[in-house]
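Asker: Have a look at this one before I ask anything.
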Amino acid sequence: MPLRFGSPLHTKMQKLYWDQAHVKGNPFILAIADFHSPVSMTWSHTALPIYLYGRSAELVTGPDGKPTGVEKLLPGFERKSETLKPFFEQDGTENVSAILSSNAGTIAKFNRMGIRAGFGDKYVTLRRSGIRHVPGPDAFEPLPFDEDVEAAASLENWSDELAMFHNPNAEVPLDPEMFPGIAHYHLIQGEAVWFGPPGRVLASQTITMDPLNRDKHMWPQRPSDDMSSEEDETPPAATVPPQSSLDIPL
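The sequence shown maps to residues 871 to 1120 in the numbering used here.
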């Protein structure tokens, strides 16, 4: 799966954007998102940093009998008869300051934010469930959550699921302060680390329910009423047609 990100990034690299007059001397970022198959965001998001940095992690049992994370180095990726280096180690990628990615570029995200902006429907309920990151060196299991999108305790920003992967070899590094409120991934002295808002959502499912069982074509065409999604091919139930959209941030 990591190599699936390689093709679009390689295509972008051929454009030589950094040679443009308005780009020279400034941080240059490439953005990427995975829509290669239905619900692919639910499992492909971990492959991106593996391809970029050539590093993975494995959960093992330590000498004390407790689980511990062990970093695995991946010097290259096999593709047919050749071996590709991790992206940030390839020639020319020093011109890329960082890679920006989001796993929430879905209709579910727009529905939730639309409701929070006051464009909801009193007959429609959105419920979001998933898992959140738990801070701490020994936290290997995420924290599950389930909440009503319209509840006061349900807080969400447009930038919540964005992740910036910084190139350790960039000729023009990107200042993380230029993108506050998102997750930033770095390779510092050979160690992969990240900084970002606490409790960020790692995976979520947004379910839209219409208790009146109205036909979709009769609904007002507002963002909060749009039940279509690239991430859902499940037919609606007979009584309460749910719309399931998955958005998984890194």
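Using N, Cα and C, we set each Cβ at its ideal position, and we do this for glycine too. Since the model is a prediction, treat every value here as computed from it, not as a measurement.
Using the Cα positions of residue 1095 and residue 1055, report the straight-line distance between them to the nearest angstrom.
Answerer: Position 225 of the sequence shown holds residue 1095. Position 185 of the sequence shown holds residue 1055. The predicted position of residue 1095 is uncertain, since its pLDDT is 37 and thus under 50; a value taken from the coordinates is nonetheless stated next. Cα to Cα, the separation comes out at about 35 Å.
Asker: With a floor of 4 residues, list each alpha helix (DSSP H) that falls wholly inside the stretch 955–996, ordered by position along the chain.
Answerer: 977–986
Asker: Quick one: residues in its chain with C-beta nearer than 6 Å to the C-beta of residue 940, no 5 flanking neighbours on either side, listed in chain order?
Answerer: Residue mapping note: residue 940 aligns to position 70 of the sequence shown, counting from 1. 928, 930.
Asker: Quick check on residue 877: does DSSP put it in helix, strand or coil?
Answerer: The residue given as residue 877 occupies position 7 in the sequence shown. Three-state DSSP puts residue 877 in a helix.
Asker: Going by C-alpha to C-alpha distance, which of 1009, 1053, 984 sits closest to residue 1020?
Answerer: Position 150 of the sequence shown, counting from 1, holds the residue named residue 1020. Among 1009, 1053, 984, the Cα nearest to that of residue 1020 belongs to 984.
Asker: Tell me whether the beta-carbon of residue 896 lies closer than 9 Å to the beta-carbon of residue 963.
Answerer: If you number the sequence shown from 1, residue 896 lands on position 26. If you number the sequence shown from 1, residue 963 lands on position 93. In this structure, residue 896 sits away from residue 963, with a CB-CB distance that is not shorter than 9 Å.
Asker: Sorted by chain position, which residues of the same chain lie with C-beta nearer than 6 Å to residue 1046's C-beta, five sequence neighbours on each side aside?
Answerer: Numbered from 1 along the sequence shown, position 176 holds the residue referred to as residue 1046. Excluding its 5 nearest sequence neighbours in each direction, residue 1046 has C-beta neighbours in its own chain below 6 Å: 1054, listed in chain order.
Asker: How is the beta strand (DSSP E) around residue 1058 delimited, first residue to last?
Answerer: As a working mapping, residue 1058 is identified with position 188 in the sequence shown. In the DSSP annotation of this structure, the continuous segment of the beta strand (DSSP E) that includes residue 1058 starts and ends at 1053–1058.
Asker: Kindly indicate if chain C contains any beta-carbon less than 9 Å away from that of residue 1033.
Answerer: The structure shown contains no chain C; it holds only a single protein chain.
Asker: Tell me, to the nearest whole angstrom, how far the beta carbon of residue 944 is from that of residue 975; I am working on the premise that it is less than 8 Å.
Answerer: As a working note, residue 944 is residue 74 in the sequence shown. As a working note, residue 975 is residue 105 in the sequence shown. Their Cβ separation, rounded to whole angstroms, is 27 Å, which puts residue 944 and residue 975 out of contact at 8 Å.
Asker: Reducing DSSP to helix, strand and coil, say where residue 945 ends up.
Answerer: Here the question's residue 945 lines up with position 75 in the sequence shown. Here residue 945 sits in coil by DSSP.
Asker: How big is the Cα-Cα spacing for residue 935 and residue 1009?
Answerer: Position 65 of the sequence shown, counted from the first residue, corresponds to residue 935. Position 139 of the sequence shown, counted from the first residue, corresponds to residue 1009. Cα to Cα, residue 935 sits roughly 15 Å from residue 1009.
Asker: Please list the terminal residues of the continuous beta strand (DSSP E) segment that includes residue 919.
Answerer: One-based indexing of the sequence shown puts residue 919 at position 49. Not the beta strand (DSSP E): residue 919 falls in the alpha helix (DSSP H), residues 917–923.
Asker: Compute the beta-carbon to beta-carbon distance between residue 1123 and residue 1001, rounded to the nearest angstrom, for a pair I have assumed lies under 8 Å.
Answerer: There is no way to answer for residue 1123, as the model of the chain reaches only from 871 to 1120.
Asker: Going by C-alpha distance, which of 968, 1006, 989, 1011 is nearest residue 1032?
Answerer: Start at 1 with the first residue of the sequence shown, and residue 1032 comes out as number 162. Among 968, 1006, 989, 1011, the Cα nearest to that of residue 1032 belongs to 968.
Asker: In angstroms, rounded to a whole number, what distance separates the CA positions of residue 977 and residue 970?
Answerer: One-based indexing of the sequence shown puts residue 977 at position 107. One-based indexing of the sequence shown puts residue 970 at position 100. Going from the Cα of residue 977 to the Cα of residue 970 covers about 19 Å.
Asker: Can you tell me whether residue 1014 is helix, strand or coil according to DSSP?
Answerer: Position 144 of the sequence shown, counted from the start, is the residue given in the question as residue 1014. If DSSP states are grouped into helix, strand and coil, residue 1014 belongs with the strands.
Asker: In its own chain, which residues sit with a C-beta less than 6 Å from the C-beta of residue 1041, not counting the 5 before and 5 after it?
Answerer: As a position in the sequence shown, residue 1041 is number 171, starting the count at 1. Within the same chain, residue 1041 has close Cβ partners 964.
Asker: Give me the Cβ distance between residue 982 and residue 998, rounded to the nearest whole Å; I'm assuming they're in contact under 8 Å.
Answerer: As a working mapping, residue 982 is identified with position 112 in the sequence shown. As a working mapping, residue 998 is identified with position 128 in the sequence shown. Indeed they touch by this definition, with Cβ atoms about 7 Å apart.
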